[in-house]
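Residue numbers (the working numbering), protein chains in the order written: chain A, 230 to 631; chain B, 230 to 631; chain C, 230 to 631; chain D, 230 to 631.
Ideal Cβ placement from N, Cα and C applies to all residues, glycine included.
Every value quoted in this text rests on a predicted model; they were computed, and no experiment measured them.
Data first, discussion second: the structure below is written as structure tokens.
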């Protein structure tokens, strides 16, 4: 196990860190000031500052860093991308600044790997250029989406067309005015083998029959101006060539997408947890009560030590998962990927809860601590619930004894 | 230890339960529909349905149940009020329906115990009639308010007047259009003995010099149309008779207010946790994944059992605290009160977190689960941080060995 | 719920406490000095001091306090016995001093309830007189005994005789030189209904064919001179009248025995946990490191507060279980009994672990802390594993929603 | 961070693993059978099988693997030794078989680094040859030894002699018939600077004035035939040249000894935890209750998954500590060393507790599970209490913010 990052990775990480510190963080407030957000998503407007920062990052070559593909991306493998993603995880807008934010990253990977030339030209290129954004429509209301056999949405092939029907939710990015297309997953052939029933289809955001019903709040937060949408597909008809890689390959593509694309969240969660610990420690050192800094009261040092130990262990396991992915592929990394998807969000949630607690009432309304808490809590479900990942770790462990 | 509730308590609890089930819960959606809330608190409007429900409850005599005082209240002691408060804790509007919601309850207790006849007539009577609401202005920004010696706001006695200066926050109810007065706490004589420095003053909401600066969100929630306000007192001048019980008695009054008035939160938290567990179990029974109800998957039954055990223990300790308060007064109940203030909110937070988790994405935006989570999380600070209460429990325990 | 103990219970508790403090604890060392114990159980000798103390307690009427039966016992119900058992739980020999130690207590209850007059005369009377001791042979090696259908031992009725075959283990008391009889459970009719297959039989300790194979250590401790035995029943032939209450009633008797007889362990565990907390606090107050008592270092106060809160809650739930048993019988108390069987041992184990930790190296070899740890750890299995009890709590909870 | 083990390390690990599996584990029972152990340490005899196995291992060159020194040891650094130590941690006698067991390892490191040529010849050489064993006499009864300023034992320089007085305990190995010498630490000059007060002295086990008072049990286990001794030094007079590296350097040497020598315990604890998890899983797969393997009941899979995740994270952090030690020295590795000393024993303790629980009654007396539990529990104190290590992690973390 070699977790050493390449020279190039170290250099890029340093550049990204500098850019985040000097350009991104100082513009957090500008972003908030410019944002037209709130409960009515139809009024949302993207803050112009984000496009300025994107252009700057692009000009510096700090762009599409997540994409290992040499042609479309920048050729860094998972191990090399990990420290970069960690740095971007410390700011709520940094991932987008470097064109490295979900769900575009996963969608781009799908298109790079499975897209036709025409599909790449139409959707991948503007996406990687940062001109448009996208959504991923898989999860459905009213059924347990962690079990793919529950999927109800359909994409029937009728002659030269494919016809989409069904309801989806938690389609992140659906509220973003720049969202130009979705990748939709549905059942094409309910009689086929379990793993060959589904297809994935590229759907323009303005396709007739597609309606965005509402944005779903996460603990009261809309993640404006991106949002998490509930979408109705009512007889959306598209030419057959909108199907990615051919009908029946949806499950296969989804599995691939669950690999590398998904540990990005963990990498960022580590950075976010570091941010929470920083806030915790700063408060512990500077806040005085009963004549002492909080760091010297009660069990606060134990909390700090436990947080440091948890984050360091989570980072190492994330690196191991990245290394395993790079050297052995998804199947060699299954335990590590599942494990880190449980651990990283839970560490983030608990360190953030502690950071909030030490901030007292102030912590309850601190925007950054709120963002961190929502991220940690939501990630315990967004990439599959803890329970499913724990089940996978146990299954692989028990296999050794059968 | 006799935790048996009186016949009257049992009867009232049954009535309250029926009213909550038949009148309050069915109107939750009406309340939400009528509410004019959101980030701009100056536009908030109280849903008319709440006043209708209040009138109905009042007509049934289900009114001011929290107040043990025979004259002003309904004569139930803490032990008898506990199961009633628990029932009201299962609905986000029920406490107000029965005129039993914070901070009015604590303010009423202060006025009953320490108010002059004039003060009672002016503020207590309309408050108990449900015609006005009120706020409590004690916590301050920028200092650790868990340590009372940190208080910076002042209320100087100048001739016949008392002059208030300072900034307060987390003044709950400050955004409510019906909020008519505040109880303000400030330093009158910084040279006096630690426990005789402070005074409490009744301040009309429209007093010149008093400005409501903003409402503070709790994890993004404004608790509209009540809100948690940040207030500026800039040379607010009032006649000296606005002081409660005379200058220098603020600390004494605050201590009293921290007793009974404060375990109401715990009683309601138990009810709220029961509500969370009900949601958890209903989901576990009715949701199917991988061919089974969630109740039969993984460790879900352990979570359910642990939740049941935690709630039952928390309820018993709350009853013990109530019983101790009733039979031995605040000083005989100190350990139990401190203990239950740690335990009840933590149980609520963890059961709710589990209920959210089992609801998957849906749990993230479920309004009731969000309300429960915010309540649990906020209560770990609102009545004093966990850390301070644990410190008190430990101090009293160690005292036995010195 | 009325947890108030009767005047008689209070008086007896006070007497027992005095006797434990003045006579039992001061003789702990004498007991240890007189004991012939160790790995070779065949050499074990009971310390004479225990018989002296038993006689003293008996003379004072502090005898068979556990037994609610008016005729054979002393007529205290579970609620009234709880504080007494708690006091005895603070000494490793006190339960025996008052003739209140397992498994004699459970066996006596079985005989009182189901025994024939002859059986009572032969076994119950000397047992209650403290002249003999006894064992309970139910658990078997090599199968999961938490599932009664796994039982392999047999007791066939052949003519006028009953013939016992099989292997048992964890038969507590089997190494005690005074152990005069066992209650054996085995399958009489494998074809009968699940709950009518088993019988219970009274077996003299010197019955031909019965061999005690070895004593099982618990974390290296033999609980000498009582021991936990592994027993071989090889064609043990007894007259049919040795069967308790008739063939086929074994399961019914076992269920009854799992009720009251079994929450005694929980009551004692609460007392034991109090003892551990006392040791923890004394050390915290008197031990100095880095210039301060340990109580003022790190998170020790949090540990103390958490221990106090856990014990107080566990005690209340034990009282609730006792009250429920007394007023509603086993079926009305199922959730509470199962819950407290999980909670009490776990609280004992964790408070003891903390007490050990604060004692440093000394804690590792402190006999009392060792005894407490072994008790806590073993009880998590001895009365059925945590997992089975949690399963029962969850099952009863979920039943409400079906 | 490069955690990759060298080719040589991989080869040696494979050899050690084979030897443990084929020669050591199959002789566990022989060792137990040959052992003369028990409470009376003066009768202890070392099982001859251990010397046979040592000779075999030595012949294969699997010897002194812990010692990085090229001349005396085998030149493997910490990173390379980690997987080897992990393998040996899976057997209770393997560390000794390869001459890699504490406290000899730490003592050898001290002599290699600080010993005179004469000292090396007299003590180091037979120690590394496996002909003798040794003890380390630092911890004292009645004071908090985690605070070195508490040390009371003295070693006064009087003319050409050094005179030792004081009482020590937890001197591991003191009961071993082969124990030939101790390294003793005492105060030479109480007036000197805090870090220059102490000296370390080599004391022959048969020095007049040195008396072994007793062996201390750990949770009832004596770790026979090695034992943890309490020693009395009563005017033990030795030539001055018995002092290691000169008077006043004791603290310096102790600090050095706390570095590499001490993460060996963590490496072995990881292996021990793997052993516990193996036992847990084997039981989960093969034991049937209620018609299913335990693996399919309740929350057992969550326990397995959590154990796997905890062990994997702990291993990575141990490797990081080893790597940091190798590349940056003790000061660059302080956080990691402190962290892993908290984490590794706690993981071992909790996985073992779970393994015991799933074994039911059998787990309580299983010798291997008992050994694992004692190791985990004792290590939470033996290398300094958790609390001290957590304090160090917090101190280093907070330093960043001052």
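- For residue 618 of chain A, there is no enclosing beta strand (DSSP E); the residue is found in the alpha helix (DSSP H) stretching over 615-628.
- In terms of beta-carbon proximity, residue 542 of chain A lines the interface with chain D, with at least one pair separated by less than 7 angstroms.
- Within chain B, the residues placing a beta-carbon under 7 angstroms from that of residue 530 of chain D are 527, ordered along the chain.
- In this structure, the straight-line span from the alpha carbon of residue 295 of chain A to that of residue 486 of chain A is close to 13 angstroms.
- Neighbourhood of residue 232 of chain D in chain A, by CB distance below 8 angstroms: 230, 231, 232, in chain order.
- By the CB criterion at 7 angstroms, residue 577 of chain A and residue 513 of chain A fall outside the cutoff.
- Contact between residue 583 of chain B and residue 532 of chain B is confirmed by a C-beta separation of about 5 angstroms, below the 8 angstroms threshold.
- The beta strand (DSSP E) runs of length 3 or more contained entirely in the segment 346-429 of chain B are, from start to end of the chain, 362-366, 383-387, 390-401, 408-416.
- With 16 or more other Cβ atoms from the protein chains shown falling within 10 Å of its own Cβ, residue 323 of chain A counts as buried.
- Taking residue 581 of chain B as the centre and dropping the five residues before and after it, the same chain places the C-beta of 505, 598, 601, 602, 605 closer than 7 angstroms to its C-beta, in chain order.
- For the segment 445-466 of chain D, the set of residues with a beta-carbon nearer than 7 angstroms to any beta-carbon of chain C comprises 445, 446, 447, 448, 449, 450, in chain order.
- Counting only Cβ-Cβ distances below 9 angstroms, residue 614 of chain A has contacts in chain B at 586, 587, 589, in chain order.
- When C:481, C:525, C:404 are compared, the shortest CA-CA separation from residue 446 of chain C is found for C:404.
- Taking a beta-carbon distance threshold of 7 angstroms, residue 511 of chain A counts as an interface residue toward chain D.
- Just measuring C-alpha positions, the residue of B:402, B:614, B:315 sitting nearest residue 585 of chain A is B:614.
- Around the beta carbon of residue 240 of chain D, a 10 Å sphere encloses fewer than 16 other beta carbons of the protein chains shown; the residue is thus reported as exposed.
- Our two residues, residue 357 of chain D and residue 339 of chain D, have alpha carbons roughly 13 angstroms apart in a direct line.
- By the rule that beta-carbons nearer than 7 angstroms mark a contact, residue 514 of chain A touches chain D.
- At a cut-off of 7 angstroms between beta-carbon atoms, residue 480 of chain A makes no contact with chain B.
- Membership of residue 443 of chain C in any alpha helix (DSSP H) is not indicated; the residue belongs instead to the beta strand (DSSP E) covering 439-444.
- When DSSP states are grouped into helix, strand and coil, residue 276 of chain A belongs to the coil group.
- Under the Cβ criterion of 7 angstroms, residue 594 of chain C is counted among the residues facing chain D.
- Using a Cβ-Cβ cut-off of 9 angstroms, residue 546 of chain A is close to 538, 541, 542, 545 of chain D, given in chain order.
- Scanning its chain for C-beta atoms nearer than 7 angstroms, with the 5 sequence neighbours on each side dropped, one finds around residue 408 of chain D the residues 362, 363, 364, 402, 434, in chain order.
- When Cβ-Cβ separations below 7 angstroms define contact, residue 518 of chain D makes contact with chain C.
- With its beta carbon at least 7 angstroms from every one in chain B, residue 575 of chain A lies outside the interface.
- Taking 7 angstroms as the CB threshold, residue 356 of chain D stays off the interface with chain A.
- Around the beta-carbon of residue 423 of chain D, fewer than 16 other beta-carbon atoms lie within 10 Å, marking it exposed.
- Closer than 7 angstroms to the CB of residue 599 of chain D there is at least one CB belonging to chain C.
- Here residue 563 of chain D really is in contact with residue 621 of chain D; their C-beta atoms are around 7 angstroms apart, less than 8 angstroms.
- By the neighbour-count criterion, in which a residue is buried when 16 or more other Cβ atoms sit within 10 angstroms of its Cβ, residue 535 of chain C is buried.
- Beta-bridge partners of residue 450 of chain D (DSSP): D:447.
- The Cβ-Cβ distance between residue 387 of chain D and residue 413 of chain D does not fall below 7 angstroms.
- Excluding sequence positions up to five before and after residue 297 of chain D, its CB lies within less than 6 angstroms of the CB of 306, all in the same chain and listed in chain order.
- Membership of residue 466 of chain A in the beta strand (DSSP E) is indicated by the continuous run 457-468.
- Distance from the CA atom of residue 234 of chain B to the CA atom of residue 623 of chain B, rounded to whole angstroms, is 30 angstroms.
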